[in-house]
Amino acid sequence: MTLVLEAAVLGILTGGVYALMASGLTLIFGVMRIINVGHGALVILGAYLSFVLWRNLSIDPFVSLVVTMPVMFVLGVILQVVFIRPLKTDREALSVLVTYSIALGIEGLLGYFFSSNYLQITAWYDTASFPIGDFRITYVYIYGFLLCLAILGAIFLMLYRTTFGGAIRATMLNRTAAQLVGIDVDRVSAIAFGIGMATAAAGGVVFGITNTFNPGSHYDLISRLLTIIVLGGLGSLRGAIIAALVMLVIEDITAVVISPVWASFVFFVILVAVLLVRPQGLFGLRVRERL
Amino acid sequence: MRRALIATVAGACLALTACGGGGTATATPSSGTPITIGVSVSLTGDFSSDGPALQKGYDLWAADVNKKGGLLGHQVTMKYVDDASSTTQVVTNYENLISSDKVALVFGPYSSLLTKPAATRVDRLGYAFPEPAGGAPSVFALGLHSLFFVQPAAIEDNLVSYTNWLLSLPADQRPKTAAYATEDDPFTQPQVDKAKSLLEAAGVQTVSYKVYPAETTDFTPLALKVASSKADAVILGTQVPDAIAFVKTFITQHYNPKTLIETAGPDQGASYSDKLKANTEGIMVPAGWASGSQAYGNPTFVSEYVSKYGGSAADISADSAEAYSVGQVVDQAATKAGSIDNQKLIDTLHSGTYQTVQGPMGWDSVGKPQGGVGVFVEQWQNGTAVFVYPSTVAAAQPEYPKHDWQ
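Read top to bottom, the protein sequences are chains A and B. According to my numbering, the first sequence holds residues 1 to 291 in order. According to my numbering, the second sequence holds residues 1001 to 1406 in order.
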């Protein structure tokens, strides 16, 4: 029983980090209706940036976010303006190709500069732990979860308490209507893409402390992130958070109670069951598309 | 019309199959001409850490052999193609290397997973396939006469020395319980399963046994399961990422087994130790090669490696030594046969013993190592991996029980 409880707590804590990574992906889809399959590579890029600051300047990985998040934000804006904005027709299909190219480009550059050796950011809190009842929690998971709460809280505040947030939500609801009422959707899109990249940087630092990574680590990551936003509902921030928690808790409990082999299977059974009942995902909006 | 079309397509397929099947693709190069040796390496994907290490070993051997006049007088150029750790791409790569690039020889890729599909195709094309990393039982089950696994023992026997050592301990010190976790991989699982059966037969109780998919990225729940078992001995079938993740979770859970061995990871030099620092102390790994070994050509290999790639002897991956051994074996076989013709190399390699940086070795009819020195037990002690068992090669006494985490 202790082990199940421990797995559940661990699932919630790591789920928070996945929620942080998936939030950028779902925000970008919501605003631009594009699937950014390069998001995993951008998370890994964030991990590398923090790794460089930690290794060369001894900057604490969490503190390094003060640098890496703005850098990734600017990079996101540039990527959106240069690669995504020119896509005028068939955006959903073409965006997959374009963002996949971005992922391959990032992987290639990282491989060139860092080789394919596995790296990991280390800090005192990656192995230090404290007891809760019969088990121990590692500090890094707590810090990662708190970071997730802080950033997702800031995003929610921005979305629901600022004029710019209103513009983002309007664009997510109906891009054409938003344009008609005078919202500069190109600017909103660029900034939303930048915000998505900044969250990738934040997710990347926790990923880089809790996992070994190399330039190819983004493949496994993006498949998990896409699964999360499909379950949560494409474009739904709330859905991405709930889905990430559900996914990690189910997988972790299944891994310790039944078998790791069944961990993903059980989750996908639940995913299929949810999609049969709610094809739009847990919190996605049902959209009538013109055929 | 439709039937005619199907018949035409089927005929074309048959013709293509006939053209592609069997037979040596190239004539033996004339004396003194340069030759190319082709290798599919994993520069991206799951094995992207091991692929470059393999490449370094091959490159170092090629430089050495060229320095002494070439492989039987042929200057050697290595040609590498990335397989992205993919079981389909590796087959395509060897097909292209042999059929399109007309390389004179091919050397093996990393892992049993990739060697298995590649070996079948290479065999059909009539090439010898000396390979450094495909030693799973399923590789030998292919029954290929052209394959030679250039390591001291078949993979499934990798942990036999370790279990022998455990069972040689006085009864009151011997572990009473053991926990096992292994990746679902032809390299790791056969080793762990054999160790489990040997220890169970000797009365060591299994308190946890888990097999996890190779694509697993979050190893913490698995490590928690092992830690909760409180086993005296922990035997893990790992690659580098999971080898590090398990240890980190054990540290956080304050779980320190009396003995801990991992099938891969601790043999990767600094790539492993720089993540765990002093907590590598006491961790074991089965190893056929050690940087300090005095085996044939090893001191030269180590000094040349450090001089070319930097770092220290402790930084050298066993993958590089295994790849270098492939070149050594082919060099000796070519000299013995007086030819680099693939069929002659195959025939020659099936007889006699060959010297490598891992020690002497020979092969049975399906490429399984025979009569070699076996795989030893290496343990991290004071920041260096040293042989600790058997006593004939040991540079230090085994540290048992292992010290507590730092």
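Glycine included, each C-beta is placed from N, C-alpha and C at the ideal position. For clarity, every value in this text was computed on a predicted model and none was experimentally measured.
Should isoleucine 1244(B) be flagged as near chain A, meaning a C-beta pair shorter than 7 Å?
Position 244 of the second sequence, counting from 1, holds the residue named residue 1244(B). Answer yes: the Cβ-Cβ gap between isoleucine 1244(B) and chain A drops below 7 Å somewhere.
Please name the residue, chosen from Lys1275(B), Ile1035(B), Pro1369(B) and Glu1156(B), that lies closest to proline 1286(B) on a Cα-to-Cα basis.
As a working mapping, residue 1286(B) is identified with position 286 in the second sequence. The candidate whose alpha carbon is nearest that of proline 1286(B) is Glu1156(B).
Residues of its chain near alanine 1245(B), where Cβ-Cβ distance is below 8 Å and the 5 sequence neighbours each way are ignored:
The residue you call residue 1245(B) lines up with position 245 of the second sequence. Same-chain partners within the cutoff: Phe1219, Thr1220 and Ala1223.
Quick check on DSSP: helix, strand or coil for glycine 1338(B)?
Taking the second sequence and counting its residues from 1, the one referred to as residue 1338(B) is at position 338. Glycine 1338(B) falls in the coil class under three-state DSSP.
When DSSP labels each residue in this structure, what does leucine 226(A) get in the three-state scheme?
Walking along the first sequence from the start, residue 226(A) turns up at place 226. Residue state, collapsed to three classes: helix.
For the stretch 191 to 221 of chain A, which residues have a CB atom closer than 9 Å to at least one CB atom of chain B, in sequence order?
Thr210, Asn211, Thr212, Phe213, Asn214, Pro215, Gly216, Ser217, Tyr219, Asp220 and Leu221
Short of 6 Å in beta carbon distance, which residues of its chain neighbour glycine 1023(B), apart from the five on each side in sequence? Order them along the chain.
Translated into the one-based positions of the second sequence, residue 1023(B) becomes position 23. Confidence at glycine 1023(B) is low in this model, with a pLDDT of 46, below 50, so its placement is unreliable and no value can be given for it.
What residue from Lys1368(B), His1403(B), Phe1387(B) and Gly1383(B) has the CA that sits closest to leucine 1144(B)'s CA?
Counted from its first residue, the second sequence places residue 1144(B) at position 144. Of the listed residues, the one whose Cα sits closest to leucine 1144(B) is Lys1368(B).
Do threonine 254(A) and valine 266(A) have their C-beta atoms closer together than 7 Å?
Counting from one through the first sequence, the residue named residue 254(A) turns up at place 254. Counting from one through the first sequence, the residue named residue 266(A) turns up at place 266. One thing to note: threonine 254(A) has its Cβ within 7 Å of the Cβ of valine 266(A).
Identified DSSP bridge partners for arginine 136(A):
Numbered from its first residue, the first sequence carries residue 136(A) at position 136. BP columns for arginine 136(A) point to Pro131(A).
Taking Cβ positions only, does isoleucine 1235(B) come closer than 7 Å to chain A?
Along the second sequence, read from residue 1 onward, the residue named residue 1235(B) stands at position 235. So, not an interface residue.
Can you grab the Cα-Cα spacing for the pair serine 1086(B) / phenylalanine 1140(B), in whole Å?
Counted from its first residue, the second sequence places residue 1086(B) at position 86. Counted from its first residue, the second sequence places residue 1140(B) at position 140. Take the alpha-carbon of serine 1086(B) and the one of phenylalanine 1140(B): they are about 20 Å apart.
What residues in the stretch 1043 to 1062 of chain B bring their beta carbon closer than 8 Å to a beta carbon of chain A?
Leu1043, Thr1044, Gly1045, Asp1046, Ser1048, Ser1049, Gly1051 and Pro1052
In angstroms, rounded to a whole number, what distance separates the CA positions of leucine 1072(B) and serine 1339(B)?
Here residue 1072(B) refers to the residue found at position 72 when the second sequence is read from its first residue. Here residue 1339(B) refers to the residue found at position 339 when the second sequence is read from its first residue. Whole-angstrom Cα-Cα distance: 7 Å.
Taking Cβ to Cβ, would you say valine 205(A) is nearer than 7 Å to proline 61(A)?
Counted from its first residue, the first sequence places residue 205(A) at position 205. Counted from its first residue, the first sequence places residue 61(A) at position 61. The answer is yes: Cβ separation under 7 Å.
Looking at the strands, I want to know which residues DSSP matches up with histidine 1145(B).
Position 145 of the second sequence, counting from 1, holds the residue named residue 1145(B). Paired residue(s): none; histidine 1145(B) is not in a bridge.
Please identify the residue among Ile228(A), Leu237(A), Thr210(A) and Asp252(A) whose C-alpha is closest to the C-alpha of valine 9(A).
As a first step, residue 9(A) must be located in the first sequence, where it is residue number 9. That would be Asp252(A), whose Cα lies nearest to the Cα of valine 9(A).
Tell me the residue span of the beta strand (DSSP E) that contains leucine 1260(B).
Taking the second sequence and counting its residues from 1, the one referred to as residue 1260(B) is at position 260. From DSSP, the beta strand (DSSP E) with leucine 1260(B) extends over 1259 to 1262.
Closer than 7 Å, CB to CB, is leucine 5(A) near chain B or not?
Your numbering for residue 5(A) matches position 5 in the first sequence. So no, leucine 5(A) is outside the interface.
Determine, for asparagine 56(A), whether the minimum Cβ-Cβ distance to residues of chain B falls below 7 Å.
Position 56 of the first sequence, counting from 1, holds the residue named residue 56(A). The C-beta of asparagine 56(A) comes no closer than 7 Å to any C-beta of chain B.
Assign leucine 314(A) to buried or exposed, taking buried as 16 or more other Cβ atoms, counted over all protein chains shown, within 10 Å of its Cβ.
Lying before the first or after the last residue shown, residue 314(A) is absent from chain A, which here runs from 1 to 291.
Under 8 Å by Cβ, that's how I've got threonine 1238(B) and glutamine 1191(B) pegged, so tell me the actual separation to the nearest angstrom.
Your numbering for residue 1238(B) matches position 238 in the second sequence. Your numbering for residue 1191(B) matches position 191 in the second sequence. Contact doesn't hold; Cβ gap of about 10 Å is too wide.
Same chain, Cβ closer than 8 Å to lysine 1068(B), five either side skipped, listed in chain order:
Against the second sequence, residue 1068(B) aligns to sequence position 68. Contacts found: none.
Given that histidine 1254(B) touches chain A, what residues does it touch there, using C-beta distances under 8 Å?
In the second sequence, the residue the question calls residue 1254(B) occupies position 254. Correct list: Ser129 and Arg136.
Rounded straight-line distance, which links the Cα of threonine 1259(B) to that of proline 1401(B):
Position 401 of the second sequence, counted from the first residue, corresponds to residue 1401(B). Position 259 of the second sequence, counted from the first residue, corresponds to residue 1259(B). C-alpha separation (whole angstroms): 6 Å.
Can you say whether tyrosine 125(A) is buried or exposed, counting buried as having 16 or more other CB atoms within 10 angstroms of its CB?
As a first step, residue 125(A) must be located in the first sequence, where it is residue number 125. Per the 10 Å Cβ criterion, buried.
Provide the residue span of the beta strand (DSSP E) that contains lysine 1079(B), from first to last.
Your numbering for residue 1079(B) matches position 79 in the second sequence. Residues 1076 to 1082.
At the 7 Å Cβ level, is serine 101(A) part of the contact set with chain B, yes or no?
Numbered from its first residue, the first sequence carries residue 101(A) at position 101. Answer no: the Cβ-Cβ gap between serine 101(A) and chain B never drops below 7 Å.
CB contact flag (threonine 26(A), isoleucine 229(A), <7 Å)
In the first sequence, counting from the first residue as 1, residue 26(A) sits at position 26. In the first sequence, counting from the first residue as 1, residue 229(A) sits at position 229. Yes; because the gap between Cβ atoms is below 7 Å, this pair is in contact.
Own chain, CB closer than 6 Å to threonine 1280(B), minus 5 neighbours either side, in chain order
Counted from its first residue, the second sequence places residue 1280(B) at position 280. Hits under 6 Å: Ser1273 and Trp1380.
Hey, which unbroken runs of the beta strand (DSSP E) at 3 residues or more fall wholly within the stretch 1276 to 1317 of chain B?
1284 to 1287
Please state whether the Cβ-Cβ distance between aspartate 1184(B) and alanine 1214(B) is less than 7 Å.
As a first step, residue 1184(B) is located in the second sequence; it is residue number 184 there, counting from the start. As a first step, residue 1214(B) is located in the second sequence; it is residue number 214 there, counting from the start. Yes, the Cβ-Cβ distance between aspartate 1184(B) and alanine 1214(B) is below 7 Å.
Please report whether the beta-carbon of lysine 960(B) lies at a distance below 7 Å from any beta-carbon of chain A.
In this structure chain B extends from 1001 to 1406, so residue 960(B) is not present and cannot be described.
Exposed or buried, what is glutamate 92(A) when buried is set at 16 or more other beta-carbons lying within 10 Å of its beta-carbon?
Along the first sequence, read from residue 1 onward, the residue named residue 92(A) stands at position 92. Exposed, because fewer than 16 other Cβ atoms sit within 10 Å of the Cβ of glutamate 92(A).
First and last residue of the beta strand (DSSP E) that includes glutamate 1399(B)?
The residue labelled residue 1399(B) in the question sits at position 399 within the second sequence. No beta strand (DSSP E) holds glutamate 1399(B); DSSP gives it neither H nor E.
Can you find at least 3 beta carbon pairs, one from the stretch 1050 to 1064 of chain B and one from the stretch 1317 to 1329 of chain B, that sit closer than 8 Å?
yes
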